[in-house]
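Enquirer: Numbering (this note's numbering), first residue to last: 91 to 300.
Ideal placement from N, C-alpha and C gives every residue a C-beta, glycine not left out.
Quick one: the structure is below, questions incoming.
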DNA sequence: ACAATGATAGTT
DNA sequence: ACTATCATTGTA
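Take a look at the structure:
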């Protein structure tokens, strides 16, 4: 029996994360996404493959969750089906990318906080070369930075994580031992700041704040 | 320590 | 209509 897809193709259908997989609590999905791949087909650019190294969970009944006060125009995608995106603008200048979790009607999501990029996006190459202090592994080390690097904005809000959308997720290539993942408190929030709902890959140099 | 920068949600 | 807030980041 042979597969009908090219094994050299950057797209491997068997490993793509499907909506059903995301139909679980955000506190389960957030650590499960560590080590998974985020793929982004840049508009007028290359396909960028990356590894998720830091996530945070936002849950129903969680005062820090954007869905806490009910559905609105901004957060509507959080109440949509799992395996879709929720993208919002923060501080007027950065965007943040989330993976929507749990069934439609339940407002919960996982914030993607940091990535390790396999390749440097072309629009950042010149900038990286000009600045000697700039480090390649820090290009996507933060929720705002990764959206800038992968050209993610509100146009990608509420889209299905799927190759047709130009952005999708793939399962881990190798299992990760739980001891290699650190669980700690979330960053940049004042409400429910004590909830230990942030996870990151201990060995990664691309974590926003180790 | 703080400015940049704009949408949003809550309050008059 | 006004205002405080904001799941951030780069520079000083």
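#1: How is residue 273 classed by DSSP in three states: helix, strand or coil?
#2: Taking buried to mean at least 16 other C-beta atoms within 10 Å of its own C-beta, is residue 284 buried or exposed?
#3: Mapping the DSSP letters down to three states, classify residue 199 as helix, strand or coil.
#4: CA-CA distance, residue 209 and residue 240?
#5: What span of residues does the alpha helix (DSSP H) with residue 237 cover, start to end?
#6: By DSSP's criteria, residue 255 is part of a beta bridge. Which residues make up the other side?
#7: Given this structure, state the Cα-to-Cα distance separating residue 129 from residue 211, to the nearest angstrom.
#8: Using the three-state DSSP reduction, which class does residue 112 fall into: helix, strand or coil?
#9: Would you mind giving the Cβ-Cβ distance between residue 206 and residue 143, rounded to the nearest angstrom? I have them listed as a contact below 8 Å.
#10: From residue 48 to residue 238, what distance separates their C-alpha atoms?
#11: Let's test the definition: count the other Cβ atoms within 10 Å of the Cβ of residue 246 and tell me whether it reaches 16, buried, or not, exposed.
#12: Is it right to say residue 264 is buried, meaning 16 or more other beta carbons lie within 10 angstroms of its own, or is it exposed?
Expert: Considering the structure as presented:
#1: strand
#2: exposed
#3: strand
#4: 11 Å
#5: 233–239
#6: Looking at the DSSP assignment, residue 255 forms no beta bridge with any residue, so it has no partner.
#7: 12 Å
#8: helix
#9: 6 Å
#10: The displayed coordinates of the chain run from 91 to 300. Any statement about residue 48 would go beyond what the structure contains.
#11: buried
#12: exposed
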